[in-house]
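Accompanying notes for the structure given below.
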Amino acid sequence: MEICPLLMEMAWMMDERTLRAWAQELGFAKAALCPAESFERAHQLVCEQMPLAERKQLRFYPGEDDARIRSLAVLLWPYLPAAMTQGETLFVDSYYPASNAAYHAARRLEERLTAEGCFARANVSYPAKEAAVRAGLGRIGRNSLLITPEFGTRVVIILMATDLKASTMETERCRTNEGCIGCGRCAAACPSGAIDAHGMTHPERCLRNFMMEGNVTPEPLRRKIGMRLLGCDICQRVCPMQPDMPQDEASGFSLAQLVTDDAAAFSETVSRLGALIGRNAARPQRVRAQASLLAGNSGSAAYLPVLREWAQSPFEAVRVHALWAMEQIKLAGGGA
Ligand code: B12
Ligand code: SF4
Ligand code: SF4
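For the sequence shown, this note's numbering assigns the number 13 to the initial residue and increments by one for each residue that follows.
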């Protein structure tokens, strides 16, 4: 017996609705499917630009990775703007705790779909913003981020490979929504000139690229990092497309908790940070390397004894940043 194509389409739409309902139960605000087409343009761009550590995991051809992949489920997890830093309270962008939470929620969704007999792989690494545009969830702004009509740019985008069929009716949805108005505020506000007229075509200048990556930060960028332990949201904060939202709570991390010779206190802070942003991101040497830069930017002589010790570190980024920080503190008159 031949099955009516309309009935088949409706059955698949039911799947997308179920996926959306389950995703919402787990804390995602939005979920939509896009067909698992390749990301050739992104692949080409990545090959043309300087290699970035953050791009190492990226893949571009879902169908070649696994023949079962028919679609990517694009899951959005919104978050509040992070509190601005005060004194020596450190800035941790709310994206990171949100991303950690969304990652675990996606694993639970994968388990549920798998238990129902679907093919599902959570947290797959394809160009997420482009997938979200394809799924009709928003538009790309000049700051190179996805702007959604409901949450602005402040969303974590999680991709899940599935064998569900993406409905073309659903993917049309967001075409008429307003995206970037091209005001240029993001480009003007970026402290390191990473955003140009066509979008962010200089990711290697973005401050975030040098935070907690364990690499030596180029000297001209070190002061611009200010008191940011992880993340920068300047190009989002100035964007007029953000909806009004209250600020998140302050990070709860101070520089004195990290730049310390009390090994037990340092480990306790690092493990608290790991619980917030993920243990992989909060590795002790990466934290020390970043904290050294912030100590230099604080100009406070109180950190000199610990920095002297760190300046002997076998870990290059810790050593180079600690030496630079000692120099900055001396220049600020704190080392006399
Ligand atoms: C590498 C990376 C970085 C690098 C480079 C960023 C860059 N802009 O190239 C660095 C470390 C600098 C970085 C910084 C940040 N990142 Co980042 N990053 C990534 C990562 C891992 C890969 C992005 C990438 O290189 N893609 C390849 C390039 C070539 O593709 P692309 O940038 O997506 O560009 C494509 C689309 O924009 C598309 N496109 C452009 N215009 C249009 C228009 C239309 C109509 C269509 C269809 C497509 C399209 O064409 C391009 C080529 O295909 C993604 C996660 C992921 N899996 O995608 C997160 C991701 C992009 N980052 C994210 C975030 C939150 C940040 C930060 C805000 C973190 C922070 N708080 O500090 C900053 C913001 C900096 C900025 N303004 O971009 C979020 C973005 C969420 C959002 N709303 O868009 C992502 C998606 C992570 C996630 N899972 O949520 N990041
Ligand atoms: S995240 Fe910060 S450094 Fe990176 S592009 Fe935006 S404003 Fe510039
Ligand atoms: S600040 Fe202006 S130019 Fe930049 S992304 Fe937002 S609307 Fe677009």
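The beta-carbon is built from N, C-alpha and C at its ideal position, and this holds for glycine as well. Since the structure is predicted, the reported quantities are computational estimates derived from the model, not experimental observations.
Looking from the CA of Glu37, the closest CA among Gly286, Arg146, Arg120 belongs to Arg120.
Its chain contains Met224, Gly226 as the residues whose beta carbon lies nearer than 6 Å to that of Arg298, once the 5 sequence neighbours on both sides are disregarded; these appear in chain order.
Between Ser310 and Glu100, the C-beta spacing is below 9 Å.
For Arg133, the enclosing beta strand (DSSP E) starts and ends at 132-134.
Here Asn155 is near Gln248, since their CB atoms are less than 9 Å apart.
For Ala43, the uninterrupted beta strand (DSSP E) segment begins and ends at 42-47. Distance between Asn221 and Val332, taken at the CA atoms: about 17 Å. The secondary-structure analysis by DSSP pairs Arg197 with nothing; it has no beta-bridge partner. Counting C-beta pairs with one atom in each stretch, the region 118-136 and the region 146-160 have fewer than three that are closer than 8 Å, which means they do not touch. DSSP places Pro215 outside any alpha helix (DSSP H), giving it a letter other than H or E. Inter-residue distance for Gly164 and Ile152 is about 11 Å (C-alpha atoms, whole angstroms).
Relative to the Cα of Arg80, the nearest Cα in the group Gly150, His210, Met172 belongs to Met172. Annotation for Leu267: the continuous alpha helix (DSSP H) segment containing it runs 267-270. Its Cα nearest to that of Leu92, the residue Ala110 stands out among Ala110, Ala199, Gln324. Of Ile207, Arg320, Leu84, the smallest CA-CA separation from Phe131 is found for Leu84. Here the C-alpha atom of Leu102 lies approximately 33 Å from the C-alpha atom of Arg71. Within the region 57-98, complete beta strand (DSSP E) segments of at least 3 residues are found at 83-90, given in chain order.
Membership of Ala173 in the beta strand (DSSP E) is indicated by the continuous run 167-174. Taking the CA atoms as reference points, Ser50 sits about 33 Å from Val250.
Across the set Met257, Glu231, Phe265, the C-alpha of Phe265 shows the shortest separation from the C-alpha of Arg240. The C-beta distance from Ala65 to Leu87 rounds to 24 Å, too long to meet the 8 Å contact threshold. If you compare the alpha carbons of Phe40, Ala314, His55 with that of Gln69, the shortest gap goes to His55. For Pro255, the Cβ stays outside the 8 Å cut-off from all heavy atoms of ligand 3.
Annotation for Gly290: Asn112 place their beta carbon closer than 7 Å to its own, counting only its chain and skipping 5 residues before and after.
A contact between stretches requires three or more CB pairs, one per stretch, nearer than 8 Å, and the region 205-222 fails this requirement with the region 275-283.
Between Pro90 and Glu162, the C-beta spacing is below 9 Å. Secondary structure remark: continuous beta strand (DSSP E) runs of at least 3 residues inside the region 257-322: none found. With respect to Ala303, Leu267 sits close: the two C-beta atoms are nearer than 9 Å. Within the same chain, Ala277, Thr281 come within 7 Å of Gln269 by CB-CB distance, once the 5 residues on both sides are set aside.
For Val168 against Tyr107, the beta-carbon gap comes to about 6 Å, under 8 Å, which counts as contact.
Taking 8 Å as the cut-off, one finds no heavy atom of ligand 2 near enough to the beta carbon of Pro252. Closest in C-alpha terms to Ile170, from the list Met338, Ala114, Asp27, comes Ala114. For Ala199, the distance from the CB to the nearest heavy atom of ligand 3 is below 8 Å. Bounds of the beta strand (DSSP E) holding Arg240 are 240-242.
In terms of CA proximity to Thr97, Leu306 leads the group Leu306, Val318, Ser312.
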